[in-house]
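*Asks:*
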Amino acid sequence: MDHPSQHIVRAHFSEPEPLFSFTDIDRRRTYAQQLEIYIQTLFDDFHLRTEHVAAILLVAIHHMAPGGVLAPKLARCSTAKRLCEAHYMLHLNPSNFVDRAWAPALPETLDLRPDNDDENNDDDVDAFLRAYDYDYFFRTDTDLQDYPQDIDEEAKCRKRDGDVCVVTGKANPKIFWFFPSTLNDTVRNNDMTGNLAGTGGTITGVLLTTIRRPNPFCSRRKLGGSHKAWNMLCIDPALYKPLTSGLCAFKHYGDSKLDDGVDSANPLIWGAIGNT
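Number 746 in my numbering belongs to position 142 of the sequence shown; there are no gaps in the numbering.
Spelled out as structure tokens, the structure:
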């Protein structure tokens, strides 16, 4: 008796791929360690669990390799990037906080966890997302005192720059902060910045919550991480308003090590926000 369907099945049958290969176990371990270290820069208490290791053993290794979809890299989510840009611009000019046009950019706090049951229906989606936001909210130590604007560090900046504008050379400059002082000067502000700090790497190229630097920009345990002279420049008052309005910005091109510090190349670029 002829069974043509069986012949078709056999003709297209091939041996399944092995569950995982022991020949690339060392590479997988290396990629796993890199991934764990990267995630710890965002969540310092993170450690790989059994289910993570199982997934790493089973996934196609090219996904873990540099450039792969699971390889450690800075997030490129355009929505999150826009949120981070808006948060930065909100703080860049203190008057924005009382400007009605900036009201939609003011951050929302979640003081209580929204109710959320386990039923899967459309009515619970919003509650689920808000509960998720609450559970993963960046939480700074609530016992920390507000961090005052550091006058001593501003004095160091003036001494370094000769108390003249670094662009025009004019005297009596104002102090421009690359990272505004209000981003991390209070527990609330630090929480709001911490929620977006990972995405901030898409703008700055730096992981802002990393705990492996002596003085992290955004820390759960300390405020004012950027209240330092390295974060400041002496600027002509005529340039200060355009800088704090986003009409121009300094673009970092590179650093050169000196015997007594670092020489940083940061030309002034007009119309720079969103195009750097």
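Backbone N, C-alpha and C define an ideal beta-carbon position, used for all residues, glycine too.
Keep in mind that this is a model prediction, so the values were computed, not measured.
Is the Cβ-Cβ distance between Ala-735 and Ala-709 less than 8 Å?
*Replies:* No, Cβ-Cβ distance for Ala-735 and Ala-709 is not below 8 Å.
*Asks:* Tell me which same chain residues have a C-beta within less than 7 Å of the C-beta of Ile-643, skipping the five on either side of it?
*Replies:* Hits under 7 Å: Phe-650.
*Asks:* Which whole-angstrom value is the C-beta distance of Asp-765 and Cys-838, which I expect to be below 8 Å?
*Replies:* Correct: roughly 4 Å between the Cβ atoms.
*Asks:* With respect to the alpha helix (DSSP H) encompassing Lys-774, which residues constitute its N-terminal and C-terminal limits?
*Replies:* Note, Lys-774: premise wrong, no alpha helix (DSSP H); not H, not E.
*Asks:* Please state the DSSP three-state secondary structure of Met-836.
*Replies:* Note: Met-836 maps to strand in three-state DSSP.
*Asks:* Report yes if the CB atom of Lys-778 is closer than 8 Å to the CB atom of Tyr-844, and no otherwise.
*Replies:* Yes, the Cβ-Cβ distance between Lys-778 and Tyr-844 is below 8 Å.
*Asks:* Check whether the Cβ atoms of Asp-840 and Lys-774 sit closer than 8 Å, and answer yes or no.
*Replies:* Contact: yes.
*Asks:* Kindly identify the DSSP beta-bridge partner or partners of Ala-853.
*Replies:* Ala-853 pairs with Ile-873.
*Asks:* Any idea what DSSP makes of Asp-867, helix, strand or coil?
*Replies:* In the structure shown, Asp-867 sits in a strand (DSSP, three-state: E or B).
*Asks:* Is the separation between the beta-carbon of Val-791 and that of Thr-746 shorter than 8 Å?
*Replies:* Contact: yes.
*Asks:* With Leu-662 as the anchor, note down where its alpha helix (DSSP H) starts and where it stops.
*Replies:* Start and end: 654-662.
*Asks:* Could you tell me the boundaries of the alpha helix (DSSP H) in which Arg-632 lies?
*Replies:* Per DSSP, Arg-632 belongs to the alpha helix (DSSP H) from 629-644.
*Asks:* In chain order, what residues of the same chain have a beta carbon less than 8 Å from the beta carbon of Asp-859, not counting five sequence neighbours either side?
*Replies:* If we look at Asp-859 and ignore the five residues flanking it on each side, its Cβ neighbours are Val-866, Asp-867, Ser-868 and Ala-869.
*Asks:* With a threshold of 7 Å (Cβ to nearest heavy atom), would Asn-870 be considered close to the ligand SAH?
*Replies:* In the structure shown, the ligand SAH is absent, as is every other ligand, since no ligand is present at all.
*Asks:* By DSSP, does Gly-798 sit in helix, in strand, or in coil?
*Replies:* Reduced to three states, the DSSP call for Gly-798 is helix.
*Asks:* In the DSSP assignment, what are the bridge partners of Gly-858?
*Replies:* Looking at the DSSP assignment, Gly-858 forms a beta bridge with Ala-869.
*Asks:* Would you report the Cα separation of Thr-797 and Phe-701, rounded to the nearest angstrom?
*Replies:* Cα to Cα, Thr-797 sits roughly 15 Å from Phe-701.
*Asks:* Give every residue of the same chain whose Cβ lies closer than 7 Å to the Cβ of Gly-672, excluding the five residues on either side of it in the sequence, and list them in chain order.
*Replies:* So the qualifying residues of the chain are His-666.
*Asks:* Candidates Asp-703, Phe-780, Val-770 and Leu-661: which alpha carbon is nearest Glu-757's?
*Replies:* It is Phe-780 whose Cα lies nearest to the Cα of Glu-757.
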